[in-house]
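Protein chains in written order, with my numbering: chain A, 29 to 108; chain B, 1469 to 1795.
From the three backbone atoms N, C-alpha and C, an ideal C-beta is built for every residue, glycine too.
Data block below; observations after.
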Amino acid sequence: MKDKIRDFIAEATYTDPGIIKDDTLIFEEGIFDSMALLNLITFLESEFGVVAEDTDLQEENFGSVQRIADYLERKRALVS
Amino acid sequence: MTKPVFSKDLIKINDVQATINHIVERLKNDVTRVLRRQGAVVGISGGIDSSVTLALAVKAFGADKVLGVMLPEKDSSGDSKAFALKLANKFGIEVVEENISAALDGFACYQRRDEAVKRVIPSYNPDSDKMKIVIPEEFINSNLPPVFYLTVIFADGREQSERLPMAEYLQIVAASNFKQRSRMTMLYYHAEARHYAVIGTPNKHEVQQGFFVKYGDGGADVMPIGDLYKTQVYELAHALGVPREIIERTPTTDTYSAEQTQEEFFYQMPFEAMDLLWYAWENGYQPEEVASVMGKERLDIERIFRNFERKKRTTDYLRRPPIHNYN
C-alpha cells in the first residue's frame, strides 16, 4: 500500500520516488500543492475505496506516506 | 548594506510624490521609447488597482492619450460601472463600455461553468442562484495546501457548500478564466486601433502570488504597479486623488456571481499583515524577529512563510513567458 501511495505522490508531483521516505513530511517539504492534494483525495477513493470527509483533511492523516497508510487502515477498519 | 530592523513601518513609502514621479517617468519611457506606442489603454473596474494605474497613465501621457475601457459581464457587480465612470470623470479621460457577456456566451463560459457546478450541487439554478469558490478558514492555520469549496447561495438565501473534486474545480476555473481572457482581447483591440499600449493593473501580490489569469489580466504590455504592495497602492491612491469611495471599497474578485472579497478567495489574511509578512519572507527576515513585531507565534510565521514559498513556486508557470529558445 505504501509503495502505491509513494508512486502516486511521485507521479502527481513530478518528484523522484526515491526522495519520498515513509516519514517525509510532504507538505512541509513543499512537495504537495492544492492540485496534488485534490488528486490524492481522488486517488484514495478510486484505488482504495476510501472517501475522505472534510474533517479528515488534516496533517495527521495526510502529512506523509506513513500517515496516509495509517489513515487508510483506520478508515477501512471503520467500515469492516 | 545591513538590513533594517524589522518593523511595521518598513514598507511605508517615505516620499510618495517621488515614487509617483519615478513610476510615471519609467512608464512614459517604456511605452513611448521601448514599445513605441502613443498612449495607454487601461481596463477600469472601479477597483483600487485599476484606478491607481489609470491615474498614473494620465500623469504619464495626458488625459487625451488615455482610454479607459469598462468591461462588464452579466456577473459583474452593478457598483463597478458607477465607480469606473466616476474615476473617468475625475481624470477627464475618454471611456468606452464593452459588455463581454455575448462573447462569453459564444465561448459557452457560463454553460461550461454551470455544468461543473451542477455536478457538485445538482439543485443549483444559474438563473436565480449565485455561486463562488471559497477556501474554508480551517486551512488558514494548517500546513495543508488549501482545498477549494463551492458555495451556492440559493435565491431564498440558503447556502450550501461542498468540497470541489479536481475535475469540477478545474472546469469552473478554466471556464471563468474566459472572462479575463476576453477582457484582454478587447483591451488589445482598442490599443491596436489607436496604436496604444495595454497597461496592466496587477499589484505585487497578484504578480508574485499568481493571483491573475495567464494571458488574461496577466496579458499586458507594462504593469506599473506590479512592484507595489497593496498598502503602497493605497498610499499612491490618496496622493493621486483617486475618489474616496473607490479607496474605501473592499477589494473583490468580481469573477463569480456571488460577492466575494479577495481576502476570502485567495489571500486569506488582511492586506496590511500580508504586505509586511511577504516583505519579511522575501527579504529573509528570521521568523522570531517577525513574530515579535507582528504579535504572533514563531511557528505561525514559519507556516505562513512555507505557504508563501509554495504559492510562489506553484504559480511560477503563470509568470513564465513561452519557452522558445530551443536552439
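Residue i vs residue j beta-carbon contact at 7 Å
i: B/Tyr1617; j: B/Pro1604; result: yes
i: B/Ile1516; j: B/Ala1741; result: no
i: B/Val1620; j: B/Ile1589; result: yes
i: B/Asp1581; j: B/Glu1636; result: A small fix is needed here, since residue 1581 of chain B is Arg in this sequence, not Asp. No.
i: B/Met1634; j: A/Thr70; result: yes
i: B/Val1564; j: B/Val1537; result: yes
i: B/Leu1535; j: B/Pro1692; result: no
i: B/Tyr1664; j: B/Ala1508; result: yes
i: B/Pro1613; j: A/Asp44; result: no
i: B/Pro1755; j: B/Arg1766; result: yes
i: B/Ala1570; j: B/Asp1597; result: no
i: A/Arg34; j: A/Ile48; result: yes
i: B/Thr1723; j: B/Ser1629; result: no
i: B/Val1484; j: B/Glu1777; result: no
i: B/Phe1679; j: B/Gly1686; result: no
i: B/Thr1487; j: B/Ile1481; result: yes
i: B/Ala1726; j: B/Lys1647; result: no
i: B/Phe1474; j: B/Glu1674; result: no
i: A/Asn67; j: A/Ala105; result: no
i: B/Ile1667; j: B/Val1701; result: no
i: B/Lys1682; j: B/Leu1522; result: no
With 16 other Cβ atoms within 10 Å as the buried cut-off, status of residue i
i: A/Met29; result: exposed
i: A/Tyr42; result: exposed
i: B/Asp1540; result: In the sequence on display, residue 1540 of chain B carries Pro and not Asp. Buried, since its Cβ has 16 or more Cβ neighbours within 10 Å.
i: B/Ala1556; result: buried
i: B/Tyr1794; result: exposed
i: B/Ser1649; result: Contrary to the premise, residue 1649 of chain B reads as Arg rather than Ser in this sequence. Buried is the call here.
i: B/Lys1779; result: buried
i: A/Val107; result: exposed
i: B/Ala1576; result: exposed
i: B/Lys1518; result: Here the sequence assigns Ser to residue 1518 of chain B, which means Lys is not the residue at that position. Buried, since its Cβ has 16 or more Cβ neighbours within 10 Å.
i: B/Asp1477; result: exposed
i: B/Lys1672; result: buried
i: B/Met1737; result: exposed
i: B/Asn1751; result: exposed
i: B/Asn1775; result: buried
i: B/Gly1763; result: exposed
i: A/Lys103; result: buried
i: B/Ala1688; result: buried
i: A/Arg95; result: buried
i: B/Gly1709; result: exposed
i: B/Ala1584; result: buried
i: A/Val79; result: exposed
i: B/Gly1684; result: buried
Member of the options whose CA lies at the smallest distance from the CA of residue i
i: B/Val1526; options: B/Ser1545, B/Ser1544, B/Ala1571 and B/Gln1506; result: B/Gln1506
i: A/Ala38; options: A/Glu73, A/Gly77 and A/Ser92; result: A/Ser92
i: B/Ser1544; options: B/Thr1720, B/Thr1699 and B/Glu1630; result: B/Thr1720
i: A/Glu88; options: A/Asp51, A/Phe76, A/Met63 and A/Ala40; result: A/Asp51
i: B/Asp1695; options: B/Lys1600, B/Gly1684, B/Pro1670 and B/Val1681; result: B/Pro1670
i: B/Leu1553; options: B/Ser1513, B/Ala1576, B/Arg1651 and B/Val1585; result: B/Ser1513
i: B/Leu1503; options: B/Val1710, B/Ile1561, B/Glu1660 and B/Phe1646; result: B/Glu1660
i: B/Pro1472; options: B/Ala1748, B/Phe1773, B/Gly1763 and B/Ala1707; result: B/Ala1748
i: B/Ile1561; options: B/Tyr1702, B/Asp1532, B/Ile1568 and B/Tyr1578; result: B/Asp1532
i: B/Arg1651; options: B/Gly1511, B/Val1675 and B/Tyr1753; result: B/Gly1511
i: B/Phe1559; options: B/Lys1647, B/Phe1529, B/Val1761 and B/Leu1744; result: B/Phe1529
i: B/Pro1745; options: B/Arg1717, B/Lys1698 and B/Asp1498; result: A small fix is needed here, since residue 1745 of chain B is Leu in this sequence, not Pro. Residue B/Lys1698 is the option with its Cα nearest to B/Leu1745.
i: B/Gln1579; options: B/Arg1631, B/Lys1549 and B/Gln1639; result: B/Gln1639
i: A/Leu85; options: A/Phe36, A/Gly77, A/Tyr99 and A/Gln94; result: A/Tyr99
i: B/Asp1595; options: B/Leu1572, B/Lys1542 and B/Ser1610; result: B/Lys1542
i: B/Phe1551; options: B/Glu1606, B/Asn1489 and B/Pro1711; result: B/Pro1711
i: B/Leu1572; options: B/Pro1789, B/Met1654, B/Gln1677 and B/Lys1549; result: B/Met1654
i: B/Phe1773; options: B/Val1701, B/Ile1491, B/Ser1610 and B/Val1666; result: B/Ser1610
i: A/Met63; options: B/Tyr1753, B/Leu1632, B/Arg1662 and B/Ile1791; result: B/Leu1632
i: B/Asp1743; options: B/Asp1784, B/Gln1677, B/Thr1783 and B/Ile1715; result: B/Gln1677
i: B/Glu1627; options: B/Val1602, B/Ala1642, B/Glu1606 and B/Val1641; result: B/Val1602
Exercise. Using Cβ-Cβ distances below 8 Å, what residues of the stretch 70-102 of chain A are close to chain D?
Worked result: No chain D appears in the structure shown, which is made up of the protein chains A and B.
Problem set entry | chain B contacts from the stretch 30-62 of chain A (Cβ-Cβ distance under 9 Å) | Answer set for the stretch 30-62 of chain A: Leu53, Phe55, Glu56, Gly58, Phe60, Asp61 and Ser62.
Problem set entry | 4-residue-minimum alpha helix (DSSP H) runs that sit fully inside the stretch 1484-1511 of chain B, ordered along the chain | 1484-1496
For this session: Select from the stretch 1613-1627 of chain B all residues with a C-beta closer than 9 Å to any C-beta belonging to chain A, and list them in chain order.
Result: Pro1613, Pro1614, Val1615, Phe1616 and Tyr1617
For this session: Counting only runs of 3+ residues fully inside the stretch 1533-1578 of chain B, write out the beta strand (DSSP E) ranges in chain order.
Result: 1534-1538 and 1562-1565
Exercise. Listed in chain order, which residues of the stretch 1762-1787 of chain B have Cβ atoms closer than 7 Å to some Cβ of chain A?
Worked result: Of all residues in the stretch 1762-1787 of chain B, only Arg1774, Glu1777, Arg1778, Arg1781 and Thr1782 place a beta-carbon less than 7 Å from a beta-carbon of chain A.
Exercise. Which runs of the alpha helix (DSSP H) spanning at least 4 residues fall entirely within the stretch 46-96 of chain A, listed in chain order?
Worked result: As far as the stretch 46-96 of chain A is concerned, its whole alpha helix (DSSP H) runs of at least 4 residues are 62-76 and 87-90.
For this session: Mind checking the stretch 1633-1655 of chain B against chain A and listing, in chain order, the residues whose C-beta falls within less than 9 Å of any C-beta there?
Result: Pro1633, Met1634, Ala1635, Tyr1637 and Leu1638
For this session: Pick out the complete alpha helix (DSSP H) segments inside the stretch 1709-1768 of chain B, 4 residues or longer, and give them in chain order.
Result: 1712-1716, 1739-1750 and 1755-1762
Exercise. When you check each C-beta in the stretch 1591-1611 of chain B against every C-beta of chain A, which residues fall closer than 7 Å?
Worked result: Ser1610 and Asn1611
Problem set entry | Sequence ranges, beta strand (DSSP E) only - wholly within the stretch 1621-1678 of chain B, length at least 3 | Counting only runs of 3 or more, we get 1627-1631.
For this session: With 7 Å as the limit, tell me which residues of the stretch 1560-1593 of chain B have their beta carbon closer than that to any beta carbon of chain A; keep them in chain order.
Result: Listed by position along the chain: nothing, the set is empty.
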